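As given, the protein sequences belong to chains A and B, one line each in that order. For what it's worth, the numbering used here labels the leading residue of the first sequence as 8, then goes sequentially. For what it's worth, the numbering used here labels the leading residue of the second sequence as 8, then goes sequentially. Quick notes on the structure that follows.
Number of protein chains: 2
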Amino acid sequence: MEKKEFVKEITDIDKNFPQWYTDIVLKAELADYTDVKGFIAIRPYGYEIWENIQKYVDEKFKKHGVKNISMPILIPEKLLNKEKQHVEGFAPEVAWVTIGGGEELEERLCVRPTSETIFSTMYSKWLNSWRDLPFLYNQWCNVLRWEKETRPFLRSREFLWQEGHTIHETEKEAKDFTLDMLDVYADVVENLLAIPVLKGKKTEKEKFAGAESTYTIETLMHDGRALQGGTSHYLGQNFTKPFDIKFQNRKGEQEYAYQTSWGISTRLIGAVIMAHGDNRGLKLPPLVAPIQAVIVPIAQQKEGVLDEAYKLKNRLNERIRIKLDDRDNYSVGYKFNEWEMKGVPIRIEIGPKDIEKREAILVRRDTSEKIQVKLEDIETKIDEMLKNIQVNMFNICKKRMEEKTTIATNIEELKKNLEENQGFVKSMWCGNQECEDKVKEITGAPSRCIPFEQEHLSDVCVCCGRPAKTMIVWGRQY
Amino acid sequence: MEKKEFVKEITDIDKNFPQWYTDIVLKAELADYTDVKGFIAIRPYGYEIWENIQKYVDEKFKKHGVKNISMPILIPEKLLNKEKQHVEGFAPEVAWVTIGGGEELEERLCVRPTSETIFSTMYSKWLNSWRDLPFLYNQWCNVLRWEKETRPFLRSREFLWQEGHTIHETEKEAKDFTLDMLDVYADVVENLLAIPVLKGKKTEKEKFAGAESTYTIETLMHDGRALQGGTSHYLGQNFTKPFDIKFQNRKGEQEYAYQTSWGISTRLIGAVIMAHGDNRGLKLPPLVAPIQAVIVPIAQQKEGVLDEAYKLKNRLNERIRIKLDDRDNYSVGYKFNEWEMKGVPIRIEIGPKDIEKREAILVRRDTSEKIQVKLEDIETKIDEMLKNIQVNMFNICKKRMEEKTTIATNIEELKKNLEENQGFVKSMWCGNQECEDKVKEITGAPSRCIPFEQEHLSDVCVCCGRPAKTMIVWGRQY
Numbered sequence: 008m009e010k011k012e013f014v015k016e017i018t019d020i021d022k023n024f025p026q027w028y029t030d031i032v033l034k035a036e037l038a039d040y041t042d043v044k045g046f047i048a049i050r051p052y053g054y055e056i057w058e059n060i061q062k063y064v065d066e067k068f069k070k071h072g073v074k075n076i077s078m079p080i081l082i083p084e085k086l087l088n089k090e091k092q093h094v095e096g097f098a099p100e101v102a103w104v105t106i107g108g109g110e111e112l113e114e115r116l117c118v119r120p121t122s123e124t125i126f127s128t129m130y131s132k133w134l135n136s137w138r139d140l141p142f143l144y145n146q147w148c149n150v151l152r153w154e155k156e157t158r159p160f161l162r163s164r165e166f167l168w169q170e171g172h173t174i175h176e177t178e179k180e181a182k183d184f185t186l187d188m189l190d191v192y193a194d195v196v197e198n199l200l201a202i203p204v205l206k207g208k209k210t211e212k213e214k215f216a217g218a219e220s221t222y223t224i225e226t227l228m229h230d231g232r233a234l235q236g237g238t239s240h241y242l243g244q245n246f247t248k249p250f251d252i253k254f255q256n257r258k259g260e261q262e263y264a265y266q267t268s269w270g271i272s273t274r275l276i277g278a279v280i281m282a283h284g285d286n287r288g289l290k291l292p293p294l295v296a297p298i299q300a301v302i303v304p305i306a307q308q309k310e311g312v313l314d315e316a317y318k319l320k321n322r323l324n325e326r327i328r329i330k331l332d333d334r335d336n337y338s339v340g341y342k343f344n345e346w347e348m349k350g351v352p353i354r355i356e357i358g359p360k361d362i363e364k365r366e367a368i369l370v371r372r373d374t375s376e377k378i379q380v381k382l383e384d385i386e387t388k389i390d391e392m393l394k395n396i397q398v399n400m401f402n403i404c405k406k407r408m409e410e411k412t413t414i415a416t417n418i419e420e421l422k423k424n425l426e427e428n429q430g431f432v433k434s435m436w437c438g439n440q441e442c443e444d445k446v447k448e449i450t451g452a453p454s455r456c457i458p459f460e461q462e463h464l465s466d467v468c469v470c471c472g473r474p475a476k477t478m479i480v481w482g483r484q485y
Numbered sequence: 008m009e010k011k012e013f014v015k016e017i018t019d020i021d022k023n024f025p026q027w028y029t030d031i032v033l034k035a036e037l038a039d040y041t042d043v044k045g046f047i048a049i050r051p052y053g054y055e056i057w058e059n060i061q062k063y064v065d066e067k068f069k070k071h072g073v074k075n076i077s078m079p080i081l082i083p084e085k086l087l088n089k090e091k092q093h094v095e096g097f098a099p100e101v102a103w104v105t106i107g108g109g110e111e112l113e114e115r116l117c118v119r120p121t122s123e124t125i126f127s128t129m130y131s132k133w134l135n136s137w138r139d140l141p142f143l144y145n146q147w148c149n150v151l152r153w154e155k156e157t158r159p160f161l162r163s164r165e166f167l168w169q170e171g172h173t174i175h176e177t178e179k180e181a182k183d184f185t186l187d188m189l190d191v192y193a194d195v196v197e198n199l200l201a202i203p204v205l206k207g208k209k210t211e212k213e214k215f216a217g218a219e220s221t222y223t224i225e226t227l228m229h230d231g232r233a234l235q236g237g238t239s240h241y242l243g244q245n246f247t248k249p250f251d252i253k254f255q256n257r258k259g260e261q262e263y264a265y266q267t268s269w270g271i272s273t274r275l276i277g278a279v280i281m282a283h284g285d286n287r288g289l290k291l292p293p294l295v296a297p298i299q300a301v302i303v304p305i306a307q308q309k310e311g312v313l314d315e316a317y318k319l320k321n322r323l324n325e326r327i328r329i330k331l332d333d334r335d336n337y338s339v340g341y342k343f344n345e346w347e348m349k350g351v352p353i354r355i356e357i358g359p360k361d362i363e364k365r366e367a368i369l370v371r372r373d374t375s376e377k378i379q380v381k382l383e384d385i386e387t388k389i390d391e392m393l394k395n396i397q398v399n400m401f402n403i404c405k406k407r408m409e410e411k412t413t414i415a416t417n418i419e420e421l422k423k424n425l426e427e428n429q430g431f432v433k434s435m436w437c438g439n440q441e442c443e444d445k446v447k448e449i450t451g452a453p454s455r456c457i458p459f460e461q462e463h464l465s466d467v468c469v470c471c472g473r474p475a476k477t478m479i480v481w482g483r484q485y
């Protein structure tokens, strides 16, 4: 009964996925709405997921020689205007500071939507010789984009992210670095968040405003909609020329540097929710879960039970992220449901009978499998189970992605695929934006990317029937 | 010769301390000015100091049960206006966003100068019962205060900080927590940054806008000016009443919660520079230094030298933050000066003769002491030396603080002390703000704090001669 009561509050995942998502965000206390439209408060349980992502990624960046810095949050209007495509892309969705210290400002200042312009300005000041290169800098910060439709984590007017900005001596080095960072993103999403990715290049239409080329990792959610997990841009000299980022090269000549930028954001928390969750709630991959195992004592009022539970907690404390739920005003059933809803990978049950046998029960969140373990073996068993859960969660997503990836050779088929089995649709494409626009108009699916792993599906474009240049993947998106 | 050339670029510390400070910030590449007045770019070498502070403090917070969260950067005007003293204190120096997504906003939004109002709004939503308490939340973020006079790290329009906000069931618990956090601040400043602190309570005049009481750690810089290192506020019910942060207490009645807030910022980087630096540049305490030891190979063009240097670097890499300066376009003398200027605690010299003897030379940045060590012992010797430097740097500051702390029994003496030996001046005080104002007017020194460690210096107030209530400390400030 209690279980039903609790679960009732969450919308059925297959009946109304967007509402299920909102329910989870709020009920699992990941985030909450605030008094400012489109701005969320990220609560401790959500923020800890972000901290785990940060820690993992930051270490990878540092291994690539990337250093963290901090740039101003405000950008003068004239700086934003320096790169034409960039300003066209971002100007409509920025927020402007017009008053400071009680006075109207002479020049209005934009709250950064991204910081290419400000990094470029400083790079121009700091760069002299090829010996100074590369500059491999990153910042962890907040940015603002005044979106019309907002949804917690997925699309909010403020979000947290990291933005890496590098400049290099040669085009090759910059291009390689762009792809290295894409690999870091694929690594964190696949290995930490247990979500398989599709790697590829964005089309001209979908690329970052001001980039030569944009690379992406695309993920697929429970309902078959795509979510862009992270992007890495090769900017060429598009910014280094207008911002005058020059250096003396090895021949003694002045040359413009080659630039990259790349970012991932708190959107990834949304991806974790939507890729793994089910009707019992959130399901967190062990490596990123704020709580990896929760101890729920059974009949905790009985002598010795809480003592054993505390002992167990202290034993496991250094090894994993463990919590003991010793609340005396909730029933065991309520606790089971709550921690399932919060997606904790393992539940550890320990009661009078278990203690007598020097045992405990481990319950997996992903499969509901229950095993009885000897207390003396519990560390080994938990380690093993956490590893298995991580792998299993990835495999389940991988299988779903495969099942929801279809092939279309004409536009009717493309539409039908999306209606019957929403997901990624592979097709051939002539490379013209007209066809890309038309596919989106008819099917509601923009292009996701031109995958690195190309296949030859047919000779002609899915849309116009003219000779095809490349394989492309389509998908409706978050 | 080379040494002189290099040092020449830095202003003499005792002739013009403010200019020396600016020189160090720029030359040591800690930060740089940007195109937006009062906004700085924190460069990798400065940001790594901040990261080391963050890591140290965040761990301490977490041991106290504090959890990190993220609140919106924008605050609606009506929220800011809810606590009267708070808005009076902050409204004059805020920046306002008035346009978003191309449209004039209906209500202007303030870029947070601090987040009591926004935390309070959310706490009101999240709190129900005494069982929910305490809320111990913190955020690492940027804030904006539109200062008129700005100086890198010390006073900029944007700065990075952490702001902790907690609510508690009882007044006592909240007051205790306020002081616990002050202890964390004293710990990081004394033990990580090697700067002794004076702990005390701010006067009514100097307390935080909206607080019941503000506690502070005060530090003393090279020139005898004070710098407030961090503050912790007991807010009582000043916010919980207007923001309606109520809970059902153990008796079943509705009660307003008791609140605290506390923060430290990137100002502490300024404190490190100004407390420890000398005419050769920056001097970093080993525990917070981005580079703890730098290897400068001697005659690196000679066979085997660079090989040995790399070997040494790899050996030490896991143990300490080590750098090898293998640049071939700078002389050894230039490198010595540059790393001294950047404040690296230990220089390791290794040349052909050293290698022959299986030795290296260690040079201390703080005392210039040189010692020859066997390569086989180098780990032990470096560990020892780093510890000694950390202790010695603290002791030197401690001694200076003692020497620059004087006693005054009347206002002439107070003024004379500040002119002849600028620093902290202890005196007795009647407790009236009139006297506090008058002392500041005459001497240029505001009150620093009412120290926790009280002494009885005389029976009368330093200013008005009426009966004294307490010992107070004065000092000119940054």
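Glycine is no exception: its CB is placed at the ideal position from the N, C-alpha and C atoms. Please read all numbers here as calculations on a predicted model, not as lab measurements.
Practice item. Let me know the secondary structure DSSP gives Cys-503(A) once reduced to three states. Key: Coverage of chain A is limited to positions 8 through 485, which leaves residue 503(A) absent and any answer about it impossible.
Exercise for review: Please decide whether Ser-272(B) counts as near chain C, where near means a Cβ-Cβ distance under 8 Å.
Suggested key: Within the model displayed, chain C is absent; protein chains A and B are what it includes.
Exercise for review: Out of Ile-47(B), Asn-23(B), Asp-21(B), Ile-20(B), point me to the one whose CA is closest to Leu-33(B)'s CA.
Suggested key: Position 26 of the second sequence, counting from 1, holds the residue named residue 33(B). Of the listed residues, the one whose Cα sits closest to Leu-33(B) is Ile-47(B).
**Study point:** Residues that Ile-252(B) contacts on chain A, provided the C-beta gap is smaller than 7 Å
**Key:** Working through the second sequence from its first residue, we reach residue 252(B) at position 245. In chain order: nothing, as chain A lies at least about 15 Å away.
Point to revise | Proximity to Val-73(B) [Cα-Cα], best of Glu-225(B), Lys-208(B), Thr-267(B), Phe-254(B) | key: For the purposes of this step, residue 73(B) is taken as the residue at position 66 of the second sequence. Among Glu-225(B), Lys-208(B), Thr-267(B), Phe-254(B), the Cα nearest to that of Val-73(B) belongs to Thr-267(B).
**Study point:** Buried or exposed (CB count within 10 angstroms, at least 16 for buried), Thr-247(B)
**Key:** Against the second sequence, residue 247(B) aligns to sequence position 240. With 16 or more other Cβ atoms within 10 Å, it is buried.
Review point. Do the segment 80-96 of chain A and the segment 186-194 of chain A make contact, defined as three or more Cβ pairs closer than 8 Å?
Key: Because the criterion of three Cβ pairs below 8 Å is not met, the segment 80-96 of chain A and the segment 186-194 of chain A do not touch.
Practice item. Would you mind working out which of Lys-62(A), Lys-44(A), Asp-39(A) sits nearest Pro-51(A), comparing C-alpha positions? Key: Here the question's residue 51(A) lines up with position 44 in the first sequence. It is Asp-39(A) whose Cα lies nearest to the Cα of Pro-51(A).
Practice item. Taking only beta carbons into account, state which residues of the segment 75-96 of chain A come closer than 9 Å to chain B, listed in chain order. Key: Asn-75, Ile-76, Ser-77, Met-78, Pro-79, Ile-80, Leu-81, Ile-82, Pro-83, Lys-85, Leu-86
Check your understanding: At what residues does the beta strand (DSSP E) containing Asn-145(B) begin and finish?
Key -> Counted from its first residue, the second sequence places residue 145(B) at position 138. 142-151 is the extent of the beta strand (DSSP E) around Asn-145(B).
Review point. Is the segment 322-336 of chain A touching the segment 225-232 of chain A, taking contact as three or more C-beta pairs under 8 Å?
Key: no
Practice item. Could you spell out the range, first to last residue, of the beta strand (DSSP E) harbouring Val-73(A)? Key: Along the first sequence, read from residue 1 onward, the residue named residue 73(A) stands at position 66. Unbroken run through Val-73(A): none, as it is neither H nor E.
Check your understanding: If Ile-252(B) and Tyr-263(B) are in contact, beta carbons under 8 Å, what's the gap, nearest whole angstrom?
Key -> Locating residue 252(B) in the second sequence gives position 245, where the first residue counts as 1. Locating residue 263(B) in the second sequence gives position 256, where the first residue counts as 1. 6 Å between Cβ atoms; contact.
Point to revise | Residue-level contact to chain B via CB, Thr-477(A), 8 Å cutoff | key: In the first sequence, counting from the first residue as 1, residue 477(A) sits at position 470. False, the Cβ-Cβ gap to chain B never drops below 8 Å.
Exercise for review: Closer than 8 Å by C-beta to His-175(B): which residues in its own chain qualify, once you throw out the five before and the five after it? Chain order, please.
Suggested key: For the purposes of this step, residue 175(B) is identified with residue 168 of the second sequence, where counting begins at 1. Here the set comprises Leu-140, Pro-141, Ala-181, Phe-184, Ala-264, Tyr-265, Gln-266, Thr-267.
Point to revise | Cα-Cα separation, Ser-434(B) to Lys-411(B) | key: Walking along the second sequence from the start, residue 434(B) turns up at place 427. Walking along the second sequence from the start, residue 411(B) turns up at place 404. Approximately 14 Å, taken between the alpha carbons.
Check your understanding: Is it right to say Ala-306(B) is buried, meaning 16 or more other beta carbons lie within 10 angstroms of its own, or is it exposed?
Key -> Sequence index remark: in the second sequence, residue 306(B) carries index 299 (1-based). The residue is exposed, with fewer than 16 neighbouring Cβ atoms inside 10 Å.
**Study point:** Where Val-241(B) sits in the DSSP three-state scheme
**Key:** Here residue 241(B) refers to the residue found at position 234 when the second sequence is read from its first residue. Just to set this straight, residue 241(B) is Tyr in the shown sequence, not Val. Correct three-state label for Tyr-241(B): strand.
Review point. Using 8 Å as the Cβ pair cut-off and three pairs as the minimum, do the segment 273-290 of chain A and the segment 332-339 of chain A touch?
Key: no
Point to revise | Identity of the residue in Thr-221(B), Gly-217(B), Asn-198(B), Met-478(B) nearest Lys-209(B) by Cα | key: Along the second sequence, read from residue 1 onward, the residue named residue 209(B) stands at position 202. For Lys-209(B), the nearest C-alpha among the options comes from Thr-221(B).
Point to revise | Any C-beta of chain A under 8 Å from that of Gly-108(B) | key: Taking the second sequence and counting its residues from 1, one reaches residue 108(B) at position 101. Chain A, which has a Cβ nearer than 8 Å to the Cβ of Gly-108(B), makes this yes.
Point to revise | Residues sharing a beta bridge with Ser-268(A), DSSP | key: Mapped onto the first sequence, residue 268(A) falls at position 261. BP columns for Ser-268(A) point to His-172(A), His-240(A).
Exercise for review: Have a look at Gly-108(A) and Phe-459(B) and give me their C-alpha separation to the nearest angstrom.
Suggested key: Here the question's residue 108(A) lines up with position 101 in the first sequence. Here the question's residue 459(B) lines up with position 452 in the second sequence. Rounded to the nearest angstrom, the two C-alpha atoms are 35 Å apart.
Point to revise | Proximal residues of chain A, C-beta to C-beta of Thr-223(B) below 9 Å | key: Position 216 of the second sequence, counted from the start, is the residue given in the question as residue 223(B). Correct list: empty, because the minimum Cβ distance to chain A is about 25 Å.
**Study point:** Sequence ranges, alpha helix (DSSP H) only - wholly within the segment 394-446 of chain B, length at least 4
**Key:** 418-427
**Study point:** Residues of the segment 40-54 of chain B with Cβ closer than 7 Å to any Cβ of chain A, in chain order
**Key:** Thr-41, Asp-42, Val-43, Phe-46, Ala-48, Ile-49, Arg-50, Pro-51, Tyr-54
Point to revise | Glu-347(B) - DSSP class collapsed to helix/strand/coil | key: Counting from one through the second sequence, the residue named residue 347(B) turns up at place 340. Three-state DSSP puts Glu-347(B) in a helix.
Practice item. Identify, in the order they occur along the chain, each residue of the same chain with its Cβ nearer than 6 Å to the Cβ of Ser-239(A), setting aside the five sequence neighbours on each side. Key: The residue labelled residue 239(A) in the question sits at position 232 within the first sequence. Answer for Ser-239(A): Thr-185, Met-188, Leu-189, Tyr-222, Trp-269, listed in chain order.
Review point. Using a C-beta cutoff of 8 Å, does Val-351(A) count as contacting chain B?
Key: Indexing the first sequence from 1 puts residue 351(A) at position 344. Taking Cβ atoms only, chain B never reaches closer than 8 Å to Val-351(A), which makes this a no.
Check your understanding: With 16 other CB atoms within 10 Å as the buried threshold, where does Ser-375(B) fall?
Key -> Along the second sequence, read from residue 1 onward, the residue named residue 375(B) stands at position 368. Counting Cβ neighbours within 10 Å, Ser-375(B) comes out exposed, since fewer than 16 surround it.
Review point. For His-71(B), which of Asn-145(B), Gln-308(B), Phe-431(B), Glu-197(B) has the nearest alpha-carbon?
Key: As a first step, residue 71(B) is located in the second sequence; it is residue number 64 there, counting from the start. Closest option to His-71(B), Cα to Cα, is Asn-145(B).
**Study point:** beta-carbon Thr-124(B) near the ligand HEM non-hydrogen atom, thresh 7 Å
**Key:** Among the ligands in the structure shown, none appear at all, so the ligand HEM cannot be discussed.
**Study point:** Cβ-based neighbour list, Ser-272(A), same chain, cut-off 7 Å, excluding 5 preceding and 5 following
**Key:** Residue 272(A) sits at position 265 when you count from the first residue of the first sequence. Closer than 7 Å at Cβ, skipping near neighbours: Phe-166, Leu-167, Trp-168.
Check your understanding: Mind checking Arg-152(A): buried by the 16 CB within 10 Å criterion, or exposed?
Key -> The residue you call residue 152(A) lines up with position 145 of the first sequence. Buried is the call here.
Exercise for review: Give me the Cα-Cα distance between Glu-488(B) and Leu-161(B), rounded to the nearest whole angstrom.
Suggested key: The requested residue 488(B) is not part of the displayed model; chain B covers only 8 to 485.
Point to revise | C-beta neighbour in chain A for Glu-165(B), strict 8 Å | key: To locate residue 165(B), count along the second sequence from 1; it is residue 158. With 8 Å as the cut-off, Glu-165(B) counts as an interface residue toward chain A.
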